[in-house]
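Notes follow once the structure below has been shown.
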Ligand SMILES: [Zn+2]
């Protein structure tokens, strides 16, 4: 970004900050029913969500913003609670009960069996923040649609993939942002989830499209 606009923009709620990264010490452990699954060296309650290991991050918002990265905790929270990705407040319109959502070419995928819905990894954006979200990212303006959704539910994760190495260590395969369905019991044990993907239902164009 350049020019005076950049200085007025807030750092969006979902953006990761440099001080939030945590070392990931991972290994494979045997599952009670056979097979292996990825785990932390020092397991804690809450490491897993929807049957997949989730990357550990801090939620302090300290350090320089990492403009191309999302903070996993906040992205997840936005998806589960329908919080705005820019301001972090509830995004649902109290009058209509519908959730405003900017659907972009890169973060939205149609599903063959759902003509009015699809999958997205981008959280909702409240109506007040939509102009700012579109201004922050000129690309968003070109390849996006401002919609509302009736509801959503967790459907998949984006994940880094690991394979067992010597002494049970987990070795990154080099694959990032692999989309894995929450029903895929074959791949989930080898995944470290970084983003939650939801299926949105009953998408409609926003009543007052911006821009
Ligand atoms: Zn907002």
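Numbering (the working numbering), first residue to last: 5 to 215.
For glycine and all other residues, C-beta sits at the position ideal for the given N, C-alpha and C.
The structure presented is a predicted model; accordingly, all values stated were derived computationally and were not measured.
Close Cβ partners of residue 177 (< 6 Å) along its chain, the five nearest in sequence each way excluded: On the chain shown, position 173 is the one that residue 177 refers to. Excluding sequence neighbours, residue 177 sits near 165 and 167.
Alpha carbon of residue 113 to alpha carbon of residue 124, nearest angstrom: In the chain shown, the residue the question calls residue 113 occupies position 109. In the chain shown, the residue the question calls residue 124 occupies position 120. Using only the alpha carbons, I get a separation of about 6 Å.
Assigned secondary structure, residue 140 (DSSP; H/G/I helix, E/B strand, else coil): Position 136 of the chain shown, counted from the first residue, corresponds to residue 140. Helix, per DSSP.
For residue 18, three-class secondary structure by DSSP: Within the chain shown, the letter at position 14 stands for residue 18. Residue 18 falls in the coil class under three-state DSSP.
is_contact[residue 114, chain C] using C-beta, thresh 9 Å: The structure shown contains no chain C, having only a single protein chain.
Whole-angstrom C-beta distance between residue 82 and residue 133, which should lie under 8 Å: Translated into the one-based positions of the chain shown, residue 133 becomes position 129. Translated into the one-based positions of the chain shown, residue 82 becomes position 78. Not quite, the Cβ-Cβ distance comes to about 12 Å (not below 8 Å), so this is no contact.
Cβ contact check for the segment 14-22 and the segment 63-72: 3 or more pairs under 8 Å: yes
Heavy atom of ligand 1 within 8 Å of residue 18 beta-carbon: For this step, residue 18 is matched to residue 14 along the chain shown. Because no heavy atom of ligand 1 lies under 8 Å away, the Cβ of residue 18 does not count as near it: no.
N-terminal and C-terminal residue of the alpha helix (DSSP H) that residue 77 is part of: Residue mapping note: residue 77 aligns to position 73 of the chain shown, counting from 1. Element bounds for residue 77: 76-85.
Neighbourhood of residue 170 by C-beta distance below 7 Å, restricted to the same chain and skipping five residues each side: For the purposes of this step, residue 170 is taken as residue 166 along the chain shown, with counting starting at 1. Taken in chain order, the list of residues that qualify is empty.
Alpha-carbon spacing of residue 106 relative to residue 159, whole angstroms: Within the chain shown, numbered from 1, the residue matching residue 106 stands at position 102. Within the chain shown, numbered from 1, the residue matching residue 159 stands at position 155. Spanning the two alpha carbons is a distance of roughly 18 Å.
Residues bridged to residue 70 (per DSSP): For this step, residue 70 is matched to residue 66 along the chain shown. Under DSSP, residue 70 shares a beta bridge with 20.
Buried or exposed (CB count within 10 angstroms, at least 16 for buried), residue 121: Sequence index remark: in the chain shown, residue 121 carries index 117 (1-based). Looking at its Cβ environment, which holds 16 or more other Cβ atoms inside 10 Å, residue 121 is buried.
Contact check, residue 45 vs residue 35, beta carbons under 9 Å: Taking the first residue of the chain shown as position 1, residue 45 is located at position 41. Taking the first residue of the chain shown as position 1, residue 35 is located at position 31. In this structure, residue 35 does not lie closer than 9 Å to residue 45 by Cβ.
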